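Read left to right, the sequence shown gives residues 1 to 140 (UniProt numbering). A short worksheet on the structure shown next.
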Amino acid sequence: IEWGPNWEDDLAGGHITGLQDPNVKKMEEEIKTDFENVFMMYLPRICEHCMNPSCVSSCPSGAMYKREEDGIVLVDQNACRAWRFCVSSCPYKKVYFNWQTNKAEKCTMCFPRIEAGMPTICSETCVGRIRYIGVMLYDA
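So this is what it looks like as structure tokens:
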């Protein structure tokens, strides 16, 4: 295993390094990489939506941007050119690279739900009530 932008996730199912995991080697060939072909999932890699996000400033294509109205940091999938500078520049390792689509992806803070006045999925389903949006939806 080598150091990389997503070093803590390399053994968790990456399309290249995950196959080096001794536990994965014991799996049957036909189900070994099925997880990578999942269409939609909720991945608890919650972006901090920083005040001055380094992922936005490091993106040469301008695909990463911060919305002015609410401060949510998003990725324009059509503008992403797979340079992965955003992945390596995020100090919290929240931006990840999807090898299937060759695009950077990250938490969207469920912006369609926020725009509809609903809480995010992670704050709504968190059993321990640790995730809380705060002043964005509720009175402080």
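Every residue, glycine too, gets a C-beta built ideally from N, C-alpha and C. Note that the coordinates shown come from a computational prediction; the quantities given were computed from them, not determined experimentally.
Which whole-angstrom value is the C-beta distance of residue i and residue j, which I expect to be below 8 Å?
i, j, result
"C47", "M118", "Contact doesn't hold; Cβ gap of about 18 Å is too wide."
"S54", "P112", "Not quite, the Cβ-Cβ distance comes to about 26 Å (not below 8 Å), so this is no contact."
Going by beta carbon distance, what residues of the same chain come within less than 7 Å of residue i, once the five residues before and after it are set aside?
i, result
"S58", "F85, C86 and S89"
"V56", "M64, Y65, K66 and V73"
"residue 141", "The chain is shown only over 1 to 140; residue 141 falls outside these bounds and no answer can be derived."
Measuring straight from C-alpha to C-alpha, what distance separates residue i and residue j?
i, j, result
"A104", "Y96", "6 Å"
"E115", "E69", "11 Å"
"residue 216", "L74", "Nothing can be reported for residue 216, as the shown portion of the chain is limited to 1 through 140."
"C122", "P60", "30 Å"
"W52", "R131", "What sits at residue 52 in the sequence shown is Asn, not Trp. When rounded, the distance between both Cα atoms is 22 Å."
"W99", "C50", "25 Å"
For residue i, which residues of its own chain have a beta-carbon under 8 Å away from its beta-carbon, when the five flanking residues on both sides are left out?
i, result
"G128", "none"
"E82", "The question names Glu, but residue 82 is Ala in the sequence shown. Result list for A82: F97, N102, K103 and A104, in chain order."
"D139", "Caution is warranted here: a pLDDT of 46 is assigned to D139, below 50, making its placement in the model unreliable, and no coordinate value can be reported."
"E71", "Here the sequence assigns Gly to residue 71, which means Glu is not the residue at that position. So the list reads H49 and M51, once near-sequence residues are dropped."
Considering only their Cβ atoms, is the gap separating residue j from residue i smaller than 8 Å?
i, j, result
"R45", "C107", "yes"
"residue 155", "I133", "Any property of residue 155 remains undetermined from this structure, which presents the chain solely from 1 to 140."
If you drop the 5 nearest sequence neighbours on each side, which residues of the same chain put their C-beta closer than 6 Å to that of residue i?
i, result
"Q77", "K103"
"K93", "none"
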